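Step one of this worksheet: look at the structure below.
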Amino acid sequence: MMEETIRFKLNGVDTELVTDPNQILLWVLRNHFGLTGTKYGCGIGFCGACTVLIDNEPARSCMMPVSDVAGRSVVTIEGLEKDGKLHPLQQAFIDHDALQCGFCTPGMVLTAAGMLDKNPSPTREEIVAGLEENLCRCGAHKRIIEAVEDASGVMRGGNVK
Amino acid sequence: MKNIREKENRTASPRGMKRRSFVKALGGGIVLFFAPWSAIDLSALAPPQRRSLTKDYNAFLHIAEDGTVSCFTGKIEMGQGIITSLAQMMADELNVPLEKVKMVMGDTELCPYDAGTWGSLTTRAFGPAMRAAAAEARAILVQMASEKLGVGTDQLEVVEGVVSEIGNPASNVSYAELARGKKLERYLEIKPSAEDHTQFTWVGKPLKHSDAFEKVTGRAKYTGDLKLSGMLHARILRPPSHGAKLVSADLSAAEATEGVRVVRDGDFIAVLSENRDMADIAIVRIKAEYTFDELNVSDSTVFDYINRGEYRANTVREAGDLTTASQQCTKLFEHEYHDPYLAHAPIETHTALARFEEGKLTVWASTQSPFGLQDTLVRELGMSLETVRVITPFVGGGFGGKSPSQQGVEAARLARITGRPVMVAWTRDEEFLYDSFHPVSVVKVRSGIDSEGRIMMWDYNVYLAGTRGAEVIYDVPNARVTSHGEDRSKYRVHPFATGAWRAPNNNTNTFARETQIDIMAAAAGIDPFEFRLRNLKDERMTGVLRAVAARFGYSPGKLPSGRGIGMACGTDAGTWVAFMAEVSVDRSTGTVKVKRLACAQDMGLCVNPQGALLQMEGCMTMALGYTLTEEVKYEGGNIRDRNFDSYSIPKFSWLPDLECVIMDRPDQPPQGGGEPAIIGIGAAVGNAVFDATGARLFRVPFTPERVMEAIKKPKV
Chain G
-18 MMEETIRFKL NGVDTELVTD PNQILLWVLR NHFGLTGTKY GCGIGFCGAC
32 TVLIDNEPAR SCMMPVSDVA GRSVVTIEGL EKDGKLHPLQ QAFIDHDALQ
82 CGFCTPGMVL TAAGMLDKNP SPTREEIVAG LEENLCRCGA HKRIIEAVED
132 ASGVMRGGNV K
Chain S
32 MKNIREKENR TASPRGMKRR SFVKALGGGI VLFFAPWSAI DLSALAPPQR
82 RSLTKDYNAF LHIAEDGTVS CFTGKIEMGQ GIITSLAQMM ADELNVPLEK
132 VKMVMGDTEL CPYDAGTWGS LTTRAFGPAM RAAAAEARAI LVQMASEKLG
182 VGTDQLEVVE GVVSEIGNPA SNVSYAELAR GKKLERYLEI KPSAEDHTQF
232 TWVGKPLKHS DAFEKVTGRA KYTGDLKLSG MLHARILRPP SHGAKLVSAD
282 LSAAEATEGV RVVRDGDFIA VLSENRDMAD IAIVRIKAEY TFDELNVSDS
332 TVFDYINRGE YRANTVREAG DLTTASQQCT KLFEHEYHDP YLAHAPIETH
382 TALARFEEGK LTVWASTQSP FGLQDTLVRE LGMSLETVRV ITPFVGGGFG
432 GKSPSQQGVE AARLARITGR PVMVAWTRDE EFLYDSFHPV SVVKVRSGID
482 SEGRIMMWDY NVYLAGTRGA EVIYDVPNAR VTSHGEDRSK YRVHPFATGA
532 WRAPNNNTNT FARETQIDIM AAAAGIDPFE FRLRNLKDER MTGVLRAVAA
582 RFGYSPGKLP SGRGIGMACG TDAGTWVAFM AEVSVDRSTG TVKVKRLACA
632 QDMGLCVNPQ GALLQMEGCM TMALGYTLTE EVKYEGGNIR DRNFDSYSIP
682 KFSWLPDLEC VIMDRPDQPP QGGGEPAIIG IGAAVGNAVF DATGARLFRV
732 PFTPERVMEA IKKPKV
């Protein structure tokens, strides 16, 4: 096994890691950095529980070699709070009770964060399309959509419903 | 102070830690032991229990020196919200602020025995016992306050954990002060009654998930998120299919993998590494050969296969005379309904972490049955109950699938072999392979009506599914309900494990019954809502039907009206429930789009209306899966669906408008709410497809091919 030094930004902090470059990002985040909010769900990119933001774009970490993030910025659910304050999406998920077992929640929040970064005022249809490939088995879909609608309003400077 | 006994020297405990050391571990304060008599007969509801409910006292409530009240329960939280609703009940009975109540759940060493978290039983069976214990605890605290303040108990009131003299609030003492410096143990022997005071502060108040903050920030710890020093990640060699026997295994390539240890105990072969990736790499390097001994049955032949079998019949209800009634009916109907295997598919796979330390085994597991797993570990590893502890962190969905917890035994075996803590986290592939599927089943119904549209005869036969939800519910003078092959393990039908899937088999039975009802309504030329009301006597059933119709804005119409509206009703977990659905059907492709779903539910006293609403919405959304797409494909023991690429569960774009009604019944005992709203969606949607197209569906899921086939079938 050839080890390499991988440098990237993790939750806003410059990070250096000496590792086998083929290691999967999901396991590096969970085991090496202890960032266990990123979940394994299916291992083939179909459920979205492992979603992280890479340069503000939602990406599946379960099939991605860690070398792919060299020189890039990775944000996990643990990095979404700013100055001890929840991200508007996190707050909206709490306000709307947009979760049950909570296992898909980090992936949902990060997918929505990436979507709102690109499109701050999505229509309901755009929200549905943006979240479509993230699976929730408990059936919190209705509330997740409402939470994202609400958060997008807050982030544009509107009032919380 | 009635019914209170103080006992000393009660050192024997049926579980883990000795009671003495348990009390010591809690620190000071007041501990109340309580025998969990249940207001309902659990044996009639729960799956067979491996251990009888203990008649011994159990640690139940602890009032700490800072006034915090802890409730210890063997129940677990998996998203259904009981961590909130149980605390609500506790806060009300003890008159304390909700934030002072702490729930300690699913730890076999700290919590009283519990058979498992299933059957929507927590609120209706455990709730009354817990409330009674809390009410009794309050009485004890008031008694102590009375002694301290020198005031009679009838002159005292409790507000937010402070006992004070009525009319003289300066004379007061808090629970915290009462508990301070005390090491008091009390033993309660009371039989709780479900009826109680109706003045609630917290019960009935809609409260959001109390664990949401941890879950949206990634702080919530599920089993797989735990880490112990020296921990190894394991991958276990799995057979390609059920019924396959290992002939040989070449482990050399796996053993040559850097940082990987390979262990073998008979056919049980695993690779372990400090690094999950390396275990993943090593496991596929094992070259294994198998022999196959499989049932010649697949998802396409299983219904014929079932119909060829012979099963023990158990008639669970018989009234009147079916033969005579058949001759008196003006119209007779005979139909067969099919239901496939379903996977639970929680997003968190089965996971366990095991550690041996000083002869003691601790297993953290994603399980719905921590005590069941403890029993299994004792049996499989030849240990004593006192040396095995199971702890349940947050569980990422269960739906019945995490009652079996094989992964806990696997982790424990590997921890024993390696002498290191071992994490076993199943892959999605393993999750499908070892899931205990909702069983495939057949229902055959013969029924008849008279010229007035009254159901005169009902002969209901359910095969391999059991009787949950098989009640006639309608007022039928001549009726028989027979369950065939209820003990499915006796018949070699399923090549893999089957088990309870949310509202076990009630979906099957409600689909069959409510479709048959719709067929009769259509043949009688009577609006299906009117037809149901005409044949129902149960007022709580007609109550939810009327409520759902009102919310839906239902207007009568004869079937098929072309509008695409269907309905269904039924009971589950003590709760009455009715559904309406509106669909559109693409006649060129057979694709069904569910546009609206409404559900009305009478669950007696609703402890947390917000939590109940979430469960209803969750049930209705999850139900779209078994209604439209979910069906495990297999050939013999070879399960073909191994991930979400081919096994399709509900997605955001499927979401219809959801409308929910919870009936206001504060005077009725609380009933189950985790499952009822899933049972009638299949029937309501199927009936709506008939209303839209005139095509009748007898098999879930309603795939486009089946809908097209039904549309093309000549109408009788």
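Protein sequences, first through last, are from chains G and S.
Every letter in the first sequence is one number past the one before it in the working numbering, and letter 23, counting from 1, is 4.
Every letter in the second sequence is one number past the one before it in the working numbering, and letter 34, counting from 1, is 65.
Glycine included, every Cβ here is placed at the ideal spot set by N, Cα and C.
Computed from a predicted structure; not experimentally measured.
For the alpha helix (DSSP H) that residue i lies in, which residues bound it at each end?
i, result
"S/G688", "The question names Gly, but residue 688 of chain S is Asp in the sequence shown. No alpha helix (DSSP H) holds S/D688; the beta strand (DSSP E) holding it covers D688 to I693."
"S/E208", "Y206 to A210"
"S/Q547", "N537 to A555"
"S/A280", "Unbroken run through S/A280 is the beta strand (DSSP E), A275 to D281; no alpha helix (DSSP H)."
"S/Q641", "P640 to L659"
"G/H122", "H122 to M136"
"S/Y336", "V333 to R339"
"S/S357", "L353 to Q359"
"S/N718", "I712 to T724"
"S/V409", "P401 to L412"
By DSSP's criteria, residue i is part of a beta bridge. Which residues make up the other side?
i, result
"G/I35", "G/E38 and G/V55"
"S/V474", "S/Y368 and S/V493"
"S/N669", "S/E666"
"G/V(-6)", "G/L(-9)"
"S/N203", "S/S195"
"S/V394", "S/A385 and S/V421"
"S/R627", "S/E613 and S/D688"
"S/N509", "S/M488"
Buried or exposed: where does residue i fall if 16 or more other Cβ atoms within 10 Å of its Cβ makes it buried?
i, result
"S/A201", "exposed"
"S/Q405", "buried"
"S/I197", "exposed"
"G/K123", "buried"
"S/V440", "buried"
"S/G212", "exposed"
"S/E191", "exposed"
"G/R137", "exposed"
"S/N89", "Because the pLDDT of S/N89 is 47, which lies under 50, any placement of that residue in the model is unreliable, and the number read from its coordinates should be weighed accordingly. Buried, since its Cβ has 16 or more Cβ neighbours within 10 Å."
"S/N537", "buried"
"S/G105", "buried"
"S/L728", "buried"
"S/G183", "exposed"
"S/T380", "buried"
"G/G24", "buried"
"S/S331", "exposed"
"S/S467", "buried"
"G/G83", "buried"
My guess is that residue i and residue j are in contact by the Cβ rule of under 8 Å, so how many angstroms apart are they, rounded?
i, j, result
"S/V720", "S/A714", "No, S/V720 and S/A714 are not in contact; Cβ-Cβ is about 11 Å, not under 8 Å."
"S/A442", "S/V394", "6 Å"
"G/V33", "G/F(-11)", "Rounded, the Cβ-Cβ distance is 11 Å, inconsistent with contact."
"S/A176", "S/L209", "6 Å"
"S/L373", "S/Y144", "Wrong, their Cβ atoms sit about 30 Å apart, outside the cutoff."
"S/L238", "S/Q646", "At roughly 13 Å, the Cβ-Cβ gap does not stay under 8 Å, so S/L238 and S/Q646 are not in contact."
"S/G110", "G/C119", "5 Å"
Would you mind reading off the limits of the beta strand (DSSP E) that contains residue i?
i, result
"S/D603", "I596 to D603"
"S/N345", "A344 to A350"
"S/R386", "T382 to E388"
"S/F103", "V100 to T104"
"S/Y465", "Unbroken run through S/Y465 is the alpha helix (DSSP H), R459 to Y465; no beta strand (DSSP E)."
"S/M739", "Run containing S/M739: none in the beta strand (DSSP E); it sits in the alpha helix (DSSP H), P735 to K743."
"S/E613", "T606 to V616"
- Query: Taking a cut of 8 Å between CB atoms, which residues from the region 6 to 34 of chain G lie near chain S?
  - Reply: Here the close residues are W8, R11, N12, G15, L16, T17, G18, T19, K20, Y21, G22, C23, G24, I25, F27, C28 and A30.
- Item | Proximal residues, the region 104 to 116 of chain G versus chain S, C-beta separation under 7 Å | Cβ contacts with chain S: V109, L112, E113 and L116.
- Item | Within 9 Å of chain G by C-beta, residues of the region 97 to 116 of chain S in sequence order | Answer set for the region 97 to 116 of chain S: E108, M109, G110, Q111 and G112.
- Task: Compile a chain-ordered list of the residues in the region 162 to 180 of chain S whose CB is closer than 9 Å to at least one CB of chain G.
- Result: Those would be none; no residue qualifies.
- chain S contacts from the region 74 to 87 of chain G (Cβ-Cβ distance under 9 Å): Under the 9 Å Cβ criterion, the region 74 to 87 of chain G contributes F74, I75, D76, H77, D78, A79, L80, Q81, C82, G83, F84, C85, T86 and P87.
- Task: Please name the residues in the region 350 to 380 of chain S whose beta-carbon is closer than 7 Å to at least one beta-carbon of chain G, in chain order.
- Result: If you check each beta-carbon in the region 350 to 380 of chain S against every beta-carbon of chain G, the ones closer than 7 Å belong to A376, P377, I378 and E379.
- Query: What residues in the region 120 to 133 of chain G bring their beta carbon closer than 9 Å to a beta carbon of chain S?
  - Reply: Those residues of the region 120 to 133 of chain G that come within reach of chain S (Cβ to Cβ, closer than 9 Å) are G120, A121, H122, K123, R124, I125 and I126.
- Message: If the cut-off is 9 Å on Cβ atoms, which residues from the region 39 to 50 of chain G count as contacting chain S, listed in chain order?
- Response: Residues of the region 39 to 50 of chain G with a C-beta less than 9 Å from any C-beta of chain S: none at all.
- Where the region 686 to 697 of chain S meets chain G: residues whose CB sits under 7 Å from a CB there: Considering only beta carbons, the part of the region 686 to 697 of chain S lying closer than 7 Å to chain G consists of L686 and L689, in chain order.
- Members of the region 416 to 429 of chain S near chain G, C-beta cut-off 9 Å: Going along the region 416 to 429 of chain S in chain order, one finds F425, V426, G427, G428 and G429 with a Cβ nearer than 9 Å to chain G.
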